[in-house]
Structure formats: structure tokens, C-alpha cells
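Student: The structure under discussion is supplied below as C-alpha cells; questions concerning it will follow.
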Amino acid sequence: MNIIGVHRTANLKKLGMHSSDTAEIFFDNVRVPACHIIGEEGQGFFYQMLQFQDERLVAAAVLLEPIQRCITLTAEYAGERKIFGSTVLNQQVPACHIIGEEGQGFFYQMLQFQDERLVAAAVLLEPIQRCITLTAEYAGERKIFGSTVLNQQTVHFTLAELQSELEAVRSLLYRAVLSRIHGEDVTLLASMVKLKAGRLARIVTDSCLQFWGGNGFTWDNPICRMHRDLRLHSVGAGADEVMLSIICKQMGIAPAKRQ
């Protein structure tokens, strides 16, 4: 950028919106010629706030089509995808490679899921805590309109609630692990804690990313990274909907299968 006092960085890598370049611009003692001033001097902030109304209407309008497309594509995919109803055809497994009793693979898989789901919940505790801690530190330093972001009630209340939810998940996990150590069936508790931990990871990363503003949307930001990486935990080792199905069965409230 060939303007004295104006410096532009390289494009930032972002989570999305790749069709729109984003970069940092620094102004160092820049003088604006009078012929370049738009509107009344000193009223720039007012003009910016005024145009936000139109910008926000457009921001909402441009979301309608992609949201509809997301729903439509998901409905089409869900209508074609099969689970527990399709097999891998024409695959021969040598006898020496068989683990356990033939025909019991599904049972073995379901049995080990309890340990896997406990581990899946356990490995989320530290990144969720780090997400909350980093956000509290950043919000305590970042200032808007003369005060830190952390001073905004909605911010520190949200962080307090997220921390409380994390401790509740931690307690549920400890209870489940203790029961597992004692040799008890933890199908219900493992499903519950896996469900809650995965959902909490989504809520925490999304909420914290919001408090980082545009910075949180950049690819290398730690909150953005956790937002990407932790999302898998609501899918892998049994999706949230599978966990709910298991919980319903354990509670005895699942609908009876049609004859």
C-alpha cells in the first residue's frame, strides 16, 4: 500500500469467509487531505453507527440461502446414509486375524465403548478449562469504549456459568470412573458424561470465540483451533443422538420397537 504512514500486513488465515480477504492495517501519523473527508469532521463514529442498521439487515439477509441449503443438503444426505443396515461386501478376513469369537465383533465394540467414552470426556477437561482461562485473560486486557470486555456483565457472568458447567461435568466423570474401577456397569454414566462433555466443548468454544471478536475467527488463534478440534467429540465414539438413545434405554423410556 503506497500511502505514507499506512502499513498493511499479509492476509490473515481465517476459520471461514475465505472469499473475503482480511488483514491488519496500521496508521502512523497519517494526514488526511481535506478533499478526502466524507461528511462532517469528528462525526465518523456517528456515521459508522448509523450505517450499521443497513449492514445488519444485509448480514441477516445473506444468511437465509446458505442456512436453507445446509438444511436441504443434510436432509438429502440423511435420507441416503445407512447405519446398522449396510455391510462391507466381498471382504475376506483370514482366520489368523480374527480377534475373539467370530460374529461377536459388534458386542466387543459396544463393550469397549464405555472406556472409550470415559476417555473421550476426560481429554476434554483440560482444553475446555484452557479455553475459559485464556478468554478471561484476554477479555481482562482488551478494552472497548473505555472499559475491559471482562467488565461487561454478560461476559463475566457467561464465563462463571461455563466454569460451573465444567465442574459439574468433572464431578460426573469422577463418579463414572470410580464406578468403573469398582467393576460396575457404567453404560448410563459413560453415555451421560460423554454427551455433556461434548456439548459443553461446543458451547464453551463458541461462547469464548465470540468474546475474542474478529481475532477469534483467525486460523492460528488458540480458541479458533479448539473450536475446530473439539467439535469432533460430539460425533466420534457415538454421536450425541446415540448417547441420548442409550440413556433413554437405560432409563426404560425408549419407545418399544414395532413388531
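Residue numbers (the numbering used here): 1028 to 1286.
From the three backbone atoms N, C-alpha and C, an ideal C-beta is built for every residue, glycine too.
As the structure is a prediction and not an experimental result, all values here were calculated from the model.
(1) From E1143 to V1269, what does the alpha carbon distance come to, in whole angstroms?
(2) Please report how far the alpha carbon of V1146 lies from the alpha carbon of P1282, in whole angstroms.
(3) Return helix, strand or coil for T1245, following the three-state DSSP convention.
(4) I need the boundaries of the beta strand (DSSP E) containing I1052, first residue and last residue.
(5) Would you mind sorting V1115 into buried or exposed? The rule is 16 or more other CB atoms within 10 Å of its CB.
(6) Kindly indicate which three-state DSSP category I1064 falls into: helix, strand or coil?
(7) Starting from H1183, trace the alpha helix (DSSP H) in both directions and tell me its first and last residue.
(8) Relative to the C-alpha of V1176, which residue among F1184, F1238, R1229, L1205 is closest?
(9) So, at 8 Å on beta carbons, what are the nonlocal neighbours of A1050 in its own chain, with the 5 sequence-adjacent residues on each side left out?
(10) Which of the three DSSP states, helix, strand or coil, is assigned to D1048?
(11) Among D1081, L1257, V1262, E1168, which has the Cα closest to the Cα of C1158?
(12) Which class does V1033 belong to by DSSP, given the choice of helix, strand or coil?
(13) Thinking A1163 and K1221 are a contact (beta carbons under 8 Å), I'd like their distance in whole angstroms, please.
(14) One question on the structure: do L1042 and W1246 come within less than 8 Å of each other, judged by their Cβ atoms?
(15) Return the chain-ordered list of same chain residues with a C-beta closer than 8 Å to the C-beta of I1030, the five sequence neighbours on each side being excluded.
(16) From F1134 to E1128, what does the alpha carbon distance come to, in whole angstroms?
(17) At the level of alpha carbons, what is the spacing between I1155 and G1130?
(18) For the putative contact between P1249 and L1161, defined by C-beta atoms under 8 Å, what is the C-beta separation to the nearest angstrom?
(19) Going by C-alpha to C-alpha distance, which of M1253, S1218, K1223 sits closest to S1234?
Tutor: If we stick to the structure as given:
(1) As a working note, residue 1143 is residue 116 in the sequence shown. As a working note, residue 1269 is residue 242 in the sequence shown. Rounded to the nearest angstrom, the two C-alpha atoms are 14 Å apart.
(2) In the sequence shown, counting from the first residue as 1, residue 1146 sits at position 119. In the sequence shown, counting from the first residue as 1, residue 1282 sits at position 255. V1146 and P1282: Cα-Cα distance of roughly 30 Å.
(3) As a working note, residue 1245 is residue 218 in the sequence shown. Correct three-state label for T1245: strand.
(4) Here residue 1052 refers to the residue found at position 25 when the sequence shown is read from its first residue. Counting along the chain, the beta strand (DSSP E) containing I1052 begins and ends at 1052-1054.
(5) The residue given as residue 1115 occupies position 88 in the sequence shown. A caution first: V1115 carries a pLDDT of 47, below 50, which makes its placement in the model too unreliable to give a value.
(6) For the purposes of this step, residue 1064 is taken as the residue at position 37 of the sequence shown. Note: I1064 maps to coil in three-state DSSP.
(7) As a first step, residue 1183 must be located in the sequence shown, where it is residue number 156. 1180-1208 is the extent of the alpha helix (DSSP H) around H1183.
(8) Residue 1176 sits at position 149 when you count from the first residue of the sequence shown. Checked all of F1184, F1238, R1229, L1205; the closest Cα to V1176 is F1238.
(9) The count along the sequence shown starts at 1 and reaches residue 1050 at position 23. R1035, T1036, A1037, N1038, L1039.
(10) The residue you call residue 1048 lines up with position 21 of the sequence shown. DSSP places D1048 in coil when its eight states are reduced to three.
(11) Within the sequence shown, residue 1158 is the residue found at index 131, counting from 1. Per the Cα distances, L1257.
(12) Residue mapping note: residue 1033 aligns to position 6 of the sequence shown, counting from 1. If DSSP states are grouped into helix, strand and coil, V1033 belongs with the strands.
(13) Locating residue 1163 in the sequence shown gives position 136, where the first residue counts as 1. Locating residue 1221 in the sequence shown gives position 194, where the first residue counts as 1. The Cβ separation is near 26 Å, so there is no contact.
(14) Translated into the one-based positions of the sequence shown, residue 1042 becomes position 15. Translated into the one-based positions of the sequence shown, residue 1246 becomes position 219. It is a contact, given that the beta carbons lie within the stated cut-off.
(15) Against the sequence shown, residue 1030 aligns to sequence position 3. Closer than 8 Å at the Cβ level, and outside the excluded window around I1030, lie V1057.
(16) Position 107 of the sequence shown holds residue 1134. Position 101 of the sequence shown holds residue 1128. Spanning the two alpha carbons is a distance of roughly 10 Å.
(17) Here residue 1155 refers to the residue found at position 128 when the sequence shown is read from its first residue. Here residue 1130 refers to the residue found at position 103 when the sequence shown is read from its first residue. The straight-line gap from Cα to Cα measures roughly 39 Å.
(18) Position 222 of the sequence shown holds residue 1249. Position 134 of the sequence shown holds residue 1161. Yes, P1249 and L1161 are in contact; Cβ-Cβ is about 6 Å, under 8 Å.
(19) Within the sequence shown, the letter at position 207 stands for residue 1234. With distances taken between Cα atoms, S1234 lies closest to M1253.
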